[in-house]
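Peer 1: Numbering (mature numbering (1 follows the signal peptide of the UniProt record, and there is no 0)), first residue to last: 461 to 741.
Ideal Cβ placement from N, Cα and C applies to all residues, glycine included.
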Ligand code: C2E
Ligand code: MG
Ligand code: MG
Ligand code: MG
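Pasting the structure below:
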């Protein structure tokens with residue numbers, strides 16, 4: 461009996477594994493077609509500068525317009541793109557596209573592009589970024605790359621070297637989703653990030669969970685002491701904004717101000733007389 465049950469379980473397990481493998485292969489295959497056919501699009505979400513009372517930058521967020529499945533979220537396809545290494549080509553496209561579009565924005569407005577740990581591990585990222593800057597004509601100071609703490613898990617020395625070389629040409633480096641995952645404070649003293657982006661989970665709980673205010677204050681104080689800016693991610697409520705302002709957070713990003721939008725909407729938003737940032741001010 462036990463043997464039978466075991467076999468049954470095994471067969472079931474095998475089938476779902478097989479199905480899962482097939483689903484992945486389908487996504488991988490679709491991703492290759494998407495690259496060839498240009499099915500990706502960047503949406504942009506503004507970051508409001510609390511000191512200057514205006515939009516300081518936009519974060520580029522990838523969207524996949526699948527011909528039959530509709531728009532697919534990056535959380536659904538970036539992991540597959542990373543596992544298959546396709547993120548290198550997709551990420552290079554994003555860097556070129558973001559720089560090209562940012563070139564048409566006012567000079568004080570920067571663009572932030574997410575860069576995967578896989579892109580940092582593989583050779584060629586520095587060259588890709590230099591090419592994106594050169595072909596677009598965007599000043600390096602107007603490009604910020606967002607990396608996550610996970611890049612410090614492996615190959616720290618090579619990663620540090622790469623980050624330093626990017627910084628040397630003027631590209632800004634932000635640490636994304638700060639406070640989640642592998643937090644080790646040691647790399648904060650060994651690398652001069654331009655910005656820490658406080659993860660949305662802290663902001664969502666800011667006025668809910670006891671201690672969240674203290675944690676966010678510790679992060680903004682630490683960043684300030686190290687000469688780094690802070691961005692609060694996922695700001696959805698006025699009460700959160702008020703708390704973040706009183707803490708001296710540099711900038712805020714979230715649905716309270718704007719959702720990620722297609723490029724043509726960015727132009728409209730920037731052309732508006734009173735940017736929505738005024739309401740923040
Ligand atoms: P992220 O870099 O932390 O980007 C912020 C995410 O939070 C975005 O989700 C954004 O739409 C969402 N968000 C912003 N404000 C709010 C808010 O007020 N409330 C809520 N609930 N969410 C908010 P999105 O666009 O789905 O992207 C998810 C993640 O996918 C990104 O997280 C990033 O890790 C990754 N990603 C997106 N585009 C790229 C890309 O071009 N390259 C790479 N490597 N990763 C990307
Ligand atoms: Mg990001
Ligand atoms: Mg983030
Ligand atoms: Mg996040």
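Around the Cβ of residue 668, are there at least 16 other Cβ atoms within 10 angstroms (buried) or fewer (exposed)?
Peer 2: As a position in the chain shown, residue 668 is number 208, starting the count at 1. When all chains shown are included, residue 668 counts as exposed.
Peer 1: Alpha carbon to alpha carbon, how far is residue 704 from residue 650?
Peer 2: Here residue 704 is taken as the residue at index 244 of the chain shown, counted from 1. Here residue 650 is taken as the residue at index 190 of the chain shown, counted from 1. Cα to Cα, residue 704 sits roughly 27 Å from residue 650.
Peer 1: Can you tell me whether DSSP reads residue 619 as helix, strand or coil?
Peer 2: Taking the first residue of the chain shown as position 1, residue 619 is located at position 159. Residue 619: helix per DSSP, three-state reduction.
Peer 1: If you measure from each residue's Cβ to the nearest non-hydrogen atom of ligand 2, which ones come out under 6 Å, in chain order?
Peer 2: Going by the Cβ distance cut-off, the answer is 519, 574, 606, 636.
Peer 1: Classify residue 653 as buried or exposed, calling it buried when 16 or more other Cβ atoms lie within 10 Å of its own Cβ.
Peer 2: For the purposes of this step, residue 653 is taken as the residue at position 193 of the chain shown. It is buried - the Cβ of residue 653 has at least 16 other Cβ atoms within 10 Å.
Peer 1: In the stretch 651–690, which residue ranges form an unbroken alpha helix (DSSP H) of at least 4 residues, counting only runs that do not cross its ends?
Peer 2: Those alpha helix (DSSP H) runs which fall completely within the stretch 651–690 and span 4+ residues are 660–664, 672–685.
Peer 1: Is it a yes or a no for the stretch 473–482 touching the stretch 673–689, going by three-plus beta-carbon pairs under 8 Å?
Peer 2: Judged by Cβ distances under 8 Å, the stretch 473–482 makes no contact with the stretch 673–689, as fewer than three pairs qualify.
Peer 1: Do you know how far the Cα of residue 665 is from the Cα of residue 717?
Peer 2: Sequence index remark: in the chain shown, residue 717 carries index 257 (1-based). Sequence index remark: in the chain shown, residue 665 carries index 205 (1-based). Approximately 18 Å between the Cα atoms of the pair.
Peer 1: Relative to the C-alpha of residue 627, which candidate in 635, 601, 640, 588 has its C-alpha closest?
Peer 2: The residue you call residue 627 lines up with position 167 of the chain shown. Of the candidates 635, 601, 640, 588, the one whose C-alpha sits nearest the C-alpha of residue 627 is 601.
Peer 1: Secondary structure at residue 573, three-state DSSP: helix, strand or coil?
Peer 2: Stepping through the chain shown from its first residue, residue 573 is reached at position 113. Looking at residue 573 - three-state DSSP - the assignment turns out to be strand.
Peer 1: Would you identify the three-state DSSP class for residue 699, choosing helix, strand or coil?
Peer 2: Numbered from its first residue, the chain shown carries residue 699 at position 239. Residue state, collapsed to three classes: helix.
Peer 1: Per DSSP, residue 530 is paired with what?
Peer 2: Looking up residue 530 in the chain shown gives position 70. Looking at the DSSP assignment, residue 530 forms a beta bridge with 526.
Peer 1: Please tell me whether, using a cut-off of 8 Å, the distance from the CB of residue 693 to the nearest non-hydrogen atom of ligand 3 is below it.
Peer 2: Translated into the one-based positions of the chain shown, residue 693 becomes position 233. Because some heavy atom of ligand 3 lies under 8 Å away, the Cβ of residue 693 counts as near it: yes.
Peer 1: Leaving out the 5 sequence neighbours to the left and right, which residues in its chain are closer than 6 Å to residue 574 when beta-carbon positions are compared?
Peer 2: Taking the first residue of the chain shown as 1, we reach residue 574 at position 114. Cβ within range, chain order: 606.
Peer 1: Can you tell me which of 719, 593, 565 puts its alpha carbon nearest to the alpha carbon of residue 631?
Peer 2: Translated into the one-based positions of the chain shown, residue 631 becomes position 171. Nearest of 719, 593, 565 to residue 631, Cα basis: 593.
Peer 1: Give the straight-line distance between the Cα atoms of residue 738 and residue 561, rounded to the nearest whole angstrom.
Peer 2: Your numbering for residue 738 matches position 278 in the chain shown. Your numbering for residue 561 matches position 101 in the chain shown. In this prediction, residue 738 has a pLDDT of 47, which is less than 50 and means its spatial position is unreliable; nothing more can be read from the coordinates.
Peer 1: Quick one: any contact between the stretch 519–533 and the stretch 569–584, if contact means 3 or more CB pairs under 8 Å?
Peer 2: These segments touch.
Peer 1: For residue 491, tell me which candidate among 537, 611, 570 has the shortest Cα-Cα distance.
Peer 2: Position 31 of the chain shown, counting from 1, holds the residue named residue 491. Considering only alpha carbons, the answer is 537.
Peer 1: Are the CB atoms of residue 524 and residue 552 nearer to each other than 9 Å?
Peer 2: Counting from one through the chain shown, the residue named residue 524 turns up at place 64. Counting from one through the chain shown, the residue named residue 552 turns up at place 92. Contact flag unset, no.
Peer 1: Is residue 638 near ligand 1, judged by its Cβ being under 8 Å from some heavy atom?
Peer 2: Translated into the one-based positions of the chain shown, residue 638 becomes position 178. No; taking the cut-off as 8 Å, the Cβ of residue 638 has no heavy atom of ligand 1 nearer than that.
Peer 1: How big is the Cα-Cα spacing for residue 585 and residue 559?
Peer 2: Within the chain shown, residue 585 is the residue found at index 125, counting from 1. Within the chain shown, residue 559 is the residue found at index 99, counting from 1. Their backbone Cα atoms lie some 15 Å apart in a straight line.
Peer 1: Around the C-beta of residue 619, are 16 or more other C-beta atoms found within 10 angstroms, so that it is buried, or is it exposed?
Peer 2: In the chain shown, the residue the question calls residue 619 occupies position 159. Buried: at least 16 other Cβ atoms inside 10 Å.
Peer 1: In whole angstroms, what is the alpha-carbon distance linking residue 497 and residue 699?
Peer 2: Position 37 of the chain shown, counted from the start, is the residue given in the question as residue 497. Position 239 of the chain shown, counted from the start, is the residue given in the question as residue 699. Distance between the alpha carbons of residue 497 and residue 699: 44 Å.
Peer 1: Report back the beta-carbon spacing between residue 691 and residue 713 to the nearest angstrom; my notes put them in contact at under 8 Å.
Peer 2: By 1-based counting over the chain shown, the position of residue 691 is 231. By 1-based counting over the chain shown, the position of residue 713 is 253. So it is a contact: roughly 6 Å between Cβ atoms.
Peer 1: Counting beta carbon pairs with one atom in the stretch 655–665 and one in the stretch 677–690, are three or more of them shorter than 8 Å?
Peer 2: Segments in contact, yes.
Peer 1: Tell me which residue opens and which closes the beta strand (DSSP E) that residue 557 is part of.
Peer 2: Numbered from 1 along the chain shown, position 97 holds the residue referred to as residue 557. Careful: residue 557 lies outside any beta strand (DSSP E), inside the alpha helix (DSSP H) at 547–562.
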